[in-house]
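All remarks here apply to the structure that follows.
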Amino acid sequence: MLGVKRVVLAAVLLISSSYFLQHAGALTTDPSEVRALTLIKNNLIDPMKKLNSWNNGDPCTSKWTGIFCTAVQNDGYLHIQEILLLNSNLSGILIPQFGLLSHLKILDFMWNNISGSIPREIGNITSLKLVLLNGNQLSGSLPDEIGNLINLDRLQIDQNHISGAIPKSFSNLSKVKHLHMNNNSISGQLPPELSRLPRLLHLLVDNNNLSGHLPPEFSSMPTLKILQLDNNNFSGNIIPASYGNLSTLRKLSLRNCSLQGVIPNFSGIPELTYLDLSWNHLKGSIPSNRLSTNITTIDLSRNSLDGFIPSSFTGLPKLQRLSLGNNFLIGSVPNIWQNLTFSWNESLILDFQNNSLSNITTAFNPSKCYYFGVW
817 MLGVKRVVLA AVLLISSSYF LQHAGALTTD PSEVRALTLI KNNLIDPMKK
867 LNSWNNGDPC TSKWTGIFCT AVQNDGYLHI QEILLLNSNL SGILIPQFGL
917 LSHLKILDFM WNNISGSIPR EIGNITSLKL VLLNGNQLSG SLPDEIGNLI
967 NLDRLQIDQN HISGAIPKSF SNLSKVKHLH MNNNSISGQL PPELSRLPRL
1017 LHLLVDNNNL SGHLPPEFSS MPTLKILQLD NNNFSGNIIP ASYGNLSTLR
1067 KLSLRNCSLQ GVIPNFSGIP ELTYLDLSWN HLKGSIPSNR LSTNITTIDL
1117 SRNSLDGFIP SSFTGLPKLQ RLSLGNNFLI GSVPNIWQNL TFSWNESLIL
1167 DFQNNSLSNI TTAFNPSKCY YFGVW
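Okay, here's the thing in structure tokens:
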């Protein structure tokens, strides 16, 4: 009896699939989207002829390069769902007609030479989940309308020439997990409103021209794993003590941000693996509380730290790099390398140079532990 049911079910599925394929084959692409694609192509320079297929036939049924479609609703048309043109040596500009692709979920122009600004009409495509424009020559400011993309999961605009402030409207991106805006010329303050993003995992805004203070509100972000703000100019401002409450954080990188004040207590962050506060103006002693046992990298070099190296650094079993050089540290160096075990491709790098330290012992494996300077 069970075998009969399986045969009947297989027959039903076969008939349904055949019906769908017959009817899908009869569909054509929404004419407004075809016109939009034609205009988009006319504003792109394509020296490698990657878009030659865009000259003939239907975008969906003729399999235009980089175009993927779906029959998302019963309106008699196929609709553009994905544009995947990464690393295609394209130049030219992105035009407002992108906003007519109302069913688009993925827009990928990574690693091309696209210039001009990001059209604000992209904010009309509320179906968008991935906007991948990194590695181009884009300039101008970020449109406020991007904040309308309520289904956006990832925004990658890094390695462009984008300027201006981060719009406060980005706080409306309630589903976004990745904001990669590093390596641009973005200025102004970090909007505290970004702390409202309930799913954000990665906030990368390093290598920009940001100023002002680090928002204490970020300490309430419930899912944040990477906060990377290196090489900005938060001149004279402190690291909020409340950042020690970022319980989901794995990487905190604030290298060369003109920060002052003391180092907060980060011992309450259980999964922290990477901490870089180097090249700032931090003062005072290094907190004595033990960091996460998952920590692999601690870089506090080139500050104005004083006092002793805390003995809690000896209890970090996964530590691979400890950089404390160019501070005002005194006293002896704890046996940081004791009780550590290394796999074949791991080692421990210690940088103590340009301090006033003494008494480095020889109780370590020289093939796995490297140190620089005790003076």
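Each residue of the sequence shown is one higher than the one before, starting from 817 at the first, in my numbering. Built from N, CA and C at the ideal position, the CB exists for glycine as well.
Give the C-beta separation of S1036 and S1069 to the nearest angstrom, bearing in mind that I take them to be a contact with Cβ-Cβ under 8 Å. Along the sequence shown, one-based indexing puts residue 1036 at 220. Along the sequence shown, one-based indexing puts residue 1069 at 253. That pair is no contact at about 20 Å.
Express the C-alpha separation of I930 and T844 in angstroms, rounding to a whole number. On the sequence shown, position 28 is the one that residue 844 refers to. On the sequence shown, position 114 is the one that residue 930 refers to. Straight-line measurement puts the Cα of I930 at about 29 Å from the Cα of T844.
Count the other C-beta atoms from every protein chain shown that fall within 10 angstroms of the C-beta of L1173, then say buried if there are 16 or more, exposed otherwise. Your numbering for residue 1173 matches position 357 in the sequence shown. The residue is buried, with at least 16 neighbouring Cβ atoms inside 10 Å.
DSSP on N1096, reduced to helix/strand/coil? By 1-based counting over the sequence shown, the position of residue 1096 is 280. In the structure shown, N1096 sits in coil (DSSP, three-state: anything other than H, G, I, E or B).
CB contact check: N1096 to chain D, cutoff 8 Å: In the structure shown, chain D cannot be found, because there is only a single protein chain.
Going along the chain, which residues of its own chain have a beta-carbon closer than 7 Å to the beta-carbon of N1175, five neighbours each way excluded? Walking along the sequence shown from the start, residue 1175 turns up at place 359. These residues qualify, in order along the chain: S1148, V1149.
CB-CB under 8 Å to N1049, same chain, minus the five flanking residues each way: which ones, in chain order? As a working note, residue 1049 is residue 233 in the sequence shown. Same-chain partners within the cutoff: N1025, L1026, S1027, C1073, S1074.
In terms of residues, what are the limits of the alpha helix (DSSP H) holding S1065? By one-based count along the sequence shown, residue 1065 stands at place 249. Looking at the sequence provided, one finds Leu at residue 1065 rather than Ser. Per DSSP, L1065 is not a residue of any alpha helix (DSSP H), being assigned neither H nor E.
Just to confirm the assignment: which complete beta strand (DSSP E) runs, minimum length 3, are found wholly within the stretch 947-1006? 970-972, 994-996, 1001-1004
Does the distance from the C-beta atom of N1110 to that of L1088 stay below 8 Å? On the sequence shown, residue 1110 is found 294 positions in, with the first residue counted as 1. On the sequence shown, residue 1088 is found 272 positions in, with the first residue counted as 1. A contact, by the Cβ cut-off of 8 Å.
Less than 8 Å between the beta carbons of N998 and N976, yes or no? To locate residue 998, count along the sequence shown from 1; it is residue 182. To locate residue 976, count along the sequence shown from 1; it is residue 160. No, these two residues do not count as a Cβ contact at 8 Å.
Among the candidates L901, L1043, T886, L1030, whose CA atom is the shortest distance from the CA of I861? Mapped onto the sequence shown, residue 861 falls at position 45. Of the candidates L901, L1043, T886, L1030, the one whose C-alpha sits nearest the C-alpha of I861 is L901.
In chain order, what residues of the same chain lie with their CB nearer than 8 Å to the CB of P935, ignoring the 5 residues before and after it? Indexing the sequence shown from 1 puts residue 935 at position 119. Residues L910, I911, P912, F914, G915, P959 of the same chain have their beta carbon placed closer than 8 Å to that of P935, with the five preceding and five following residues left out of the count.
Tell me the residue span of the beta strand (DSSP E) that contains N1053. Here the question's residue 1053 lines up with position 237 in the sequence shown. No beta strand (DSSP E) contains N1053, which DSSP labels as neither H nor E.
Limits of the unbroken alpha helix (DSSP H) element including E849: Mapped onto the sequence shown, residue 849 falls at position 33. Element bounds for E849: 847-858.
Excluding the 5 residues flanking L837 on each side, which residues of the same chain have their C-beta closer than 6 Å to its C-beta? As a first step, residue 837 must be located in the sequence shown, where it is residue number 21. The predicted model places L837 with a pLDDT of 37, which falls under 50 and marks its position as unreliable, so this point remains unresolved.
Cβ neighbours of Q972 in the same chain (closer than 6 Å, five flanking residues each side left out): Stepping through the sequence shown from its first residue, residue 972 is reached at position 156. When the five nearest sequence neighbours on each side are left out, the beta carbons in the same chain lying within less than 6 Å of the beta carbon of Q972 are those of L948, N950, H996, in order along the chain.
Residues that G1147 bridges to, as DSSP identifies them: Your numbering for residue 1147 matches position 331 in the sequence shown. Partner(s): L1173.
To which residues of the same chain is D874 closer than 6 Å at the C-beta, ignoring the five residues directly before and after it? Working through the sequence shown from its first residue, we reach residue 874 at position 58. The residues are T844, T845.
Can you tell me which of I1152, D924, N952 puts its alpha carbon nearest to the alpha carbon of S1139? Counted from its first residue, the sequence shown places residue 1139 at position 323. Of the listed residues, the one whose Cα sits closest to S1139 is I1152.
Pull up the distance between the alpha-carbon of G963 and that of L946, whole angstroms please. To locate residue 963, count along the sequence shown from 1; it is residue 147. To locate residue 946, count along the sequence shown from 1; it is residue 130. When rounded, the distance between both Cα atoms is 14 Å.
Flag this pair as yes or no: are the beta carbons of S1094 and Q1136 separated by less than 8 Å? By 1-based counting over the sequence shown, the position of residue 1094 is 278. By 1-based counting over the sequence shown, the position of residue 1136 is 320. With contacts defined by Cβ atoms closer than 8 Å, S1094 and Q1136 do not form a contacting pair.
Would you call D1167 buried or exposed, if buried means 16 or more other Cβ atoms sit within 10 Å of its Cβ? Locating residue 1167 in the sequence shown gives position 351, where the first residue counts as 1. Answer is buried; the Cβ neighbour count reaches 16.
C876 - partner residues in DSSP beta bridges: Within the sequence shown, the letter at position 60 stands for residue 876. Per DSSP, none; premise fails for C876.
Endpoints, beta strand (DSSP E) assigned at G915: Within the sequence shown, residue 915 is the residue found at index 99, counting from 1. Unbroken run through G915: none, as it is neither H nor E.
Quick check: what's the CA-CA separation for N1170 versus L1116? Position 354 of the sequence shown, counted from the first residue, corresponds to residue 1170. Position 300 of the sequence shown, counted from the first residue, corresponds to residue 1116. Distance between the alpha carbons of N1170 and L1116 is about 13 Å.
Beta-carbon proximity list for S1127, same chain, < 8 Å, skipping 5 on both sides: Start at 1 with the first residue of the sequence shown, and residue 1127 comes out as number 311. Counting only Cβ-Cβ distances below 8 Å, and skipping sequence neighbours, we find S1104, P1150.
Cα-Cα separation between N1165 and Y1186, rounded to whole angstroms: Walking along the sequence shown from the start, residue 1165 turns up at place 349. Walking along the sequence shown from the start, residue 1186 turns up at place 370. Position check: residue 1165 holds Ile in this sequence, whereas Asn was assumed. Computed Cα separation, rounded: 5 Å.
Keeping to the same chain, check which residues put their C-beta closer than 6 Å to that of S1003; ignore five residues upstream and five downstream. Against the sequence shown, residue 1003 aligns to sequence position 187. Once the five neighbours on either side are set aside, the close Cβ partners of S1003 are N1025.
By the 10 Å Cβ neighbour count, where 16 or more other Cβ atoms means buried, how is G1052 classified, buried or exposed? Taking the sequence shown and counting its residues from 1, the one referred to as residue 1052 is at position 236. Classification for G1052: exposed.
Residues bridged to N940 [DSSP beta-bridge criterion]: In the sequence shown, counting from the first residue as 1, residue 940 sits at position 124. For N940, which the question treats as bridged, DSSP gives no partner whatsoever.
Between W870 and K857, how many whole angstroms is the CB-CB distance? I'm expecting something under 8 Å. Stepping through the sequence shown from its first residue, residue 870 is reached at position 54. Stepping through the sequence shown from its first residue, residue 857 is reached at position 41. With a Cβ gap of about 5 Å, W870 and K857 count as contacting.
Candidates G1100, M864, G939, of which the one nearest T881 by Cα: Position 65 of the sequence shown, counted from the first residue, corresponds to residue 881. With distances taken between Cα atoms, T881 lies closest to M864.
Can you look up Y1186 in the DSSP assignment and give me helix, strand or coil? Locating residue 1186 in the sequence shown gives position 370, counting from the first residue. Three-state result, Y1186: strand.
I896 to E1033, Cα distance in whole Å? Along the sequence shown, read from residue 1 onward, the residue named residue 896 stands at position 80. Along the sequence shown, read from residue 1 onward, the residue named residue 1033 stands at position 217. Taking the straight line joining both Cα atoms gives about 39 Å.
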